[in-house]
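For reference, the structure discussed in these notes is given below.
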Amino acid sequence: SGSSGLQWGRGAGGRPDLFSLTTGALAIQESLQLDRMIGSDKIPGKASIPIGKLAGPQVKSHPFVEMIGTGTPELFPMDSLVPEEFYACHFTDINRQIALSDLMDLWGTSLLQSMQVSSHDARVKEKYLDQLCLQLSELTRLFGDQVIGDLMLCGSDPFLHEGTDVSVILAIKNRTLFDLQFRKNIELARLANPGVKEETLRYQDVPILAVTNKDRRVYSFSCALGDFAVISNCPKSLEMMIEAWKGMRKSLAKADDFRYMRTIFRTGSSEEDFFLYFSDRHIRNLVGPVWKIARQRRMQCISSLRIIQNSLALWGSEGASGTPTIERLKAGWFIEEAYMNCPEGGDYSIDPDSGEPVCSKHGRLRYIVPIVEMQPELVSEPEKAQYGQFVKEYNSYWSKFFDPIGIRGKVGTEVVQLETCILPLIENTVYDLFRGFAGGTPAKLAFPEHPRTIGQFICKLNLPYMRVAVPESRGSLEPVVRRTTLTVDELIDSLGDGVEIGLVDSAPTFNLVVPEGAPMLPGLLGNPVGLLAGSFVLAGLNFPTYAAVAVKKPAAMERFIWEWLRSNQAENELDRAGRRSFLEIELNAYKAKQEGKEIPIFTLDLLLVLVRFHFFFAIHDGFLLASNRRDILLDLLGSGVGKFEAEANLLLRVVPERFKEVADTSRLLWQERIRKACLNNLGSLSALYHYRGILPADWAEKALPIIGYAPFCPLNGFYEIDPVFGEVRCSLHGSLDEPRQPLEYDSKQPLQAFFSSLKEVESSLQFTPEGVMTRVILRR
Numbered sequence: 111s112g113s114s115g116l117q118w119g120r121g122a123g124g125r126p127d128l129f130s131l132t133t134g135a136l137a138i139q140e141s142l143q144l145d146r147m148i149g150s151d152k153i154p155g156k157a158s159i160p161i162g163k164l165a166g167p168q169v170k171s172h173p174f175v176e177m178i179g180t181g182t183p184e185l186f187p188m189d190s191l192v193p194e195e196f197y198a199c200h201f202t203d204i205n206r207q208i209a210l211s212d213l214m215d216l217w218g219t220s221l222l223q224s225m226q227v228s229s230h231d232a233r234v235k236e237k238y239l240d241q242l243c244l245q246l247s248e249l250t251r252l253f254g255d256q257v258i259g260d261l262m263l264c265g266s267d268p269f270l271h272e273g274t275d276v277s278v279i280l281a282i283k284n285r286t287l288f289d290l291q292f293r294k295n296i297e298l299a300r301l302a303n304p305g306v307k308e309e310t311l312r313y314q315d316v317p318i319l320a321v322t323n324k325d326r327r328v329y330s331f332s333c334a335l336g337d338f339a340v341i342s343n344c345p346k347s348l349e350m351m352i353e354a355w356k357g358m359r360k361s362l363a364k365a366d367d368f369r370y371m372r373t374i375f376r377t378g379s380s381e382e383d384f385f386l387y388f389s390d391r392h393i394r395n396l397v398g399p400v401w402k403i404a405r406q407r408r409m410q411c412i413s414s415l416r417i418i419q420n421s422l423a424l425w426g427s428e429g430a431s432g433t434p435t436i437e438r439l440k441a442g443w444f445i446e447e448a449y450m451n452c453p454e455g456g457d458y459s460i461d462p463d464s465g466e467p468v469c470s471k472h473g474r475l476r477y478i479v480p481i482v483e484m485q486p487e488l489v490s491e492p493e494k495a496q497y498g499q500f501v502k503e504y505n506s507y508w509s510k511f512f513d514p515i516g517i518r519g520k521v522g523t524e525v526v527q528l529e530t531c532i533l534p535l536i537e538n539t540v541y542d543l544f545r546g547f548a549g550g551t552p553a554k555l556a557f558p559e560h561p562r563t564i565g566q567f568i569c570k571l572n573l574p575y576m577r578v579a580v581p582e583s584r585g586s587l588e589p590v591v592r593r594t595t596l597t598v599d600e601l602i603d604s605l606g607d608g609v610e611i612g613l614v615d616s617a618p619t620f621n622l623v624v625p626e627g628a629p630m631l632p633g634l635l636g637n638p639v640g641l642l643a644g645s646f647v648l649a650g651l652n653f654p655t656y657a658a659v660a661v662k663k664p665a666a667m668e669r670f671i672w673e674w675l676r677s678n679q680a681e682n683e684l685d686r687a688g689r690r691s692f693l694e695i696e697l698n699a700y701k702a703k704q705e706g707k708e709i710p711i712f713t714l715d716l717l718l719v720l721v722r723f724h725f726f727f728a729i730h731d732g733f734l735l736a737s738n739r740r741d742i743l744l745d746l747l748g749s750g751v752g753k754f755e756a757e758a759n760l761l762l763r764v765v766p767e768r769f770k771e772v773a774d775t776s777r778l779l780w781q782e783r784i785r786k787a788c789l790n791n792l793g794s795l796s797a798l799y800h801y802r803g804i805l806p807a808d809w810a811e812k813a814l815p816i817i818g819y820a821p822f823c824p825l826n827g828f829y830e831i832d833p834v835f836g837e838v839r840c841s842l843h844g845s846l847d848e849p850r851q852p853l854e855y856d857s858k859q860p861l862q863a864f865f866s867s868l869k870e871v872e873s874s875l876q877f878t879p880e881g882v883m884t885r886v887i888l889r890r
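With positions in the sequence shown counted from 1, the corresponding number in our numbering is that position plus 110.
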């Protein structure tokens with residue numbers, strides 16, 4: 111929207127979450143700021159100001175040459191074909207690209223975000239493959255890796271859903287077989303899309319084969335550059351790549367930031383199946399005035415195209431006669447002129463063949479003209495002011511350097527691993543807060559692990575930060591220590607290098623659901639004690655929970671725990687005197703004999719109205735242990751308890767293979783999410799049927815240009831029309847009036863089979879001199 115204020119990164123649910131934090135997804139979103147300046151209800155006004163007068167963020171680049179030093183980064187030959195302002199994703203071979211694509215389809219979103227249930231298929235991958243006349247999976251199925259070696263995907267911006275430039279570079283091993291298959295793809299495109307034309311163009315003495323039609327469903331421009339085949343859906347992008355190949359334009363191979371990143375993520379590593387890079391120049395373009403204002407304009411035009419689509423639905427619902435045109439829609443009051451506004455001055459029309467609304471400047475939905483082909487030269491005063499506000503806020507967040515981003519991945523049958531490097535640490539964000547109390551050199555952490563642990567959060571403790579923090583600052587321990595005879599220094603001296611919170615397998619009797627938009631993470635980030643204690647208590651409402659704090663001086667820690675509990679009890683008793691308290695604290699302490707030793711176990715009882723909570727504490731084997739279940743604590747005090755070891759500043763881990771008692775609840779929640787996702791499609795499908803007369807057999811294909819996606823049931827149920835009531839229903843999940851859900855959990859369904867195959871998901875984060883380094887590991 112056009113609102114001010116830089117955006118926090120968010121997880122799949124819309125608010126910050128620990129998974130997106132530890133995978134680096136929040137850092138990437140905060141760096142790119144793709145959700146800023148993406149639309150406005152205001153008409154931009156007359157454009158009369160040269161866009162060159164607008165200054166972008168004044169943030170320096172790193173001294174990459176100095177950072178490379180005497181290092182000699184190795185590069186792939188095709189890096190020389192990619193302009194430095196493009197993002198680039200390199201795959202070591204075509205099979206790895208297909209494997210990653212299939213995995214992301216099942217995961218439902220980026221692997222750096224928590225898994226989602228998807229019931230919408232925008233067919234983005236199919237859209238671009240059809241545009242380019244490429245069918246790589248068919249080529250691989252026929253010839254394996256005999257035809258294509260490594261490959262690169264690249265483009266000027268990541269706006270794939272709306273429509274953007276996408277280029278593919280292929281290392282060709284067998285030119286004859288490739289050309290034969292590519293020619294076959296072109297002929298298939300001709301059969302499927304009437305009006306396809308073919309012509310030969312030339313740029314810088316390089317012949318280019320252009321295969322296009324008017325609606326851009328087929329829009330392929332290809333050429334041979336040495337041993338590489340380059341195919342793009344944008345002639346401008348292909349020309350830029352030819353210039354890079356000829357040395358007329360700076361390529362990634364010559365960009366210092368890319369070369370430096372390749373000293374961190376080295377080519378040829380066994381850990382790399384693919385490597386995605388957002389360069390310094392690419393990010394500057396995305397936050398610069400041309401791309402920000404151009405995208406805001408195209409989003410305004412997209413909004414107008416969707417309004418026209420809705421007016422066509424009204425036209426159909428009222429049984430209007432004749433073929434709809436913009437003039438007839440306005441004459442029948444199905445739409446008003448004020449709702450059709452293209453900031454670039456485009457005219458709107460209805461394609462008589464497809465019935466789709468079209469802008470003469472931006473094109474049609476799903477196939478919007480790429481920004482690189484239509485860059486604004488003039489801007490209006492409101493646009494200048496809005497962009498100026500964005501720059502002011504951006505400069506306040508990134509006052510030192512731009513943050514190039516590199517992501518390296520390994521896609522195996524049993525293990526999938528993603529590593530992210532963001533240069534450097536982003537300022538004034540959630541990462542700054544975590545760097546405060548969990549920063550410094552990544553620690554080698556080894557914590558006790560209950561054998562039935564299904565989830566863990568491990569955090570390094572940055573003791574120097576806690577020592578210098580003043581009472582009013584984040585991270586202060588002063589309010590905690592105030593009620594004991596210890597000083598802050600004495601308490602810090604007693605602490606070790608980290609803390610762990612673990613969840614134990616159990617069948618929950620209820621589930622605590624945090625409302626959408628509740629500021630849970632930002633609220634708890636006021637200080638480390640609030641974060642860790644709050645996380646421990648909240649997690650304990652759903653599962654048996656334990657915590658372990660590393661301790662260097664057990665006697666001092668035992669003294670602190672006892673005095674803190676006693677002082678809180680005394681204060682609570684004073685508050686309760688003469689009146690009934692909503693929160694009553696009752697404290698008991700006793701010694702339990704364990705393995706021949708007397709280990710003090712302290713018990714804290716919290717009475718909240720009619721609910722009593724118990725928390726048990728003990729110090730053992732270098733850790734302060736706490737749990738909301740005494741049997742869990744006793745298990746941790748026993749001999750033979752295993753240790754989980756890791757080297758990180760933050761780590762989040764989920765172990766689905768240990769789901770035993772919680773399995774039924776987990777599967778039920780998963781099935782309910784699937785049912786809701788499925789039934790959410792019924793409204794759109796009903797409109798397609800009742801307002802546009804589109805039959806169920808055509809829903810999947812004809813929904814794409816109208817609503818932007820093909821609705822589907824995640825469990826492969828089929829949608830149909832009830833012959834009696836005329837309502838849309840799913841064969842598995844019923845209708846909105848009579849929803850159903852399968853009683854059995856069908857583990858043979860692809861989505862549920864994938865979910866059941868997950869053994870462990872681990873994400874960790876390190877603060878290093880190179881920047882924020884994260885790692886995600888999926889074990890299957």
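C-beta: ideal position from N, C-alpha, C; glycine also. From a predicted model like this one, the values you see are computed outputs, not experimental measurements.
| Item | Value |
| --- | --- |
| DSSP-derived helix/strand/coil call for LYS786 | helix |
| Whole-number beta carbon distance between ILE709 and LEU761, since they are thought to touch under 8 Å | 28 Å between Cβ atoms; not a contact. |
| Secondary structure of ARG722, DSSP reduced to three states | strand |
| Residues of its chain near PHE388, where Cβ-Cβ distance is below 6 Å and the 5 sequence neighbours each way are ignored | TYR197, ILE515 |
| PHE754 beta carbon less than 8 Å from that of PHE557 | yes |
| Reference SER228, options VAL614, ASN826, PRO833, closest by Cα | ASN826 |
| Reduced DSSP category for ASP337 - H, G, I as helix; E, B as strand; rest coil | coil |
| Contained alpha helix (DSSP H) runs [length at least 4] in the segment 143–215, N- to C-terminal order | 174–178 |
| SER158 versus TYR497: straight-line alpha-carbon distance, rounded | 15 Å |
| Of the listed residues GLY456, MET883, ILE460, nearest to ASN420 (C-alpha basis) | ILE460 |
| Cβ-based burial, GLU382 [other Cβ within 10 Å; buried from 16] | buried |
| Alpha carbon of ASP231 to alpha carbon of GLY134, nearest angstrom | 25 Å |
| Cβ-Cβ distance between ALA404 and ILE478 below 8 Å | no |
| Simplified DSSP state of SER130, which is helix, strand or coil | helix |
| The segment 801–809 contacting the segment 827–839, beta-carbon criterion three pairs below 8 Å | yes |
| Residues near PRO317 by beta carbon distance below 7 Å, same chain, minus five either side | THR310, CYS333 |
| Stretch pair the segment 463–478 + the segment 321–340: three plus CB contacts closer than 8 Å | yes |
| Proximity to GLN410 [Cα-Cα], best of ASP267, LYS360, GLY455, LEU744 | GLY455 |
| Whether PRO852 touches GLU466 by CB criterion (8 Å) | no |
| ASP367 vs ASP337 beta-carbon contact at 8 Å | no |
| Rounded separation between TYR370 and LEU362 - CA only | 11 Å |
| Span of the alpha helix (DSSP H), counted from its first residue to its last, around ASP260 | Not the alpha helix (DSSP H): ASP260 falls in the beta strand (DSSP E), residues 258–265. |
| CA-to-CA distance, PHE835 to ILE817, given in whole angstroms | 24 Å |
| Residue range of the unbroken alpha helix (DSSP H) whose run includes ASP599 | 598–604 |
| Reference LYS570; option with closest CA among ALA553, LEU335, THR563 | ALA553 |
| Cβ neighbours of ALA430 in the same chain (closer than 7 Å, five flanking residues each side left out) | GLY442 |
| Alpha-carbon spacing of LEU210 relative to LEU386, whole angstroms | 12 Å |
| ARG407, buried or exposed, once every other Cβ within 10 Å from all chains shown has been counted against 16 | buried |
| Contacts around TYR313, its chain only, beta-carbon distance under 6 Å, and the 5 residues preceding and following it disregarded | GLU349, ILE352 |
| Boundaries (first-last residue) of the alpha helix (DSSP H) holding GLU297 | 285–302 |
| Segment limits, beta strand (DSSP E) that includes MET371 | Run containing MET371: none in the beta strand (DSSP E); it sits in the alpha helix (DSSP H), 366–374. |
| Cβ neighbour criterion (16 or more within 10 Å) applied to THR286 | exposed |
| Cβ neighbour criterion (16 or more within 10 Å) applied to ASP774 | exposed |
| For VAL871, the residue or residues it bridges with in DSSP | VAL764, LEU888 |
| Beta-bridge pairing of SER330 - partner residues as DSSP gives them | VAL321 |
| Identity of the residues DSSP links to GLN527 by a beta bridge | LYS520, ILE887 |
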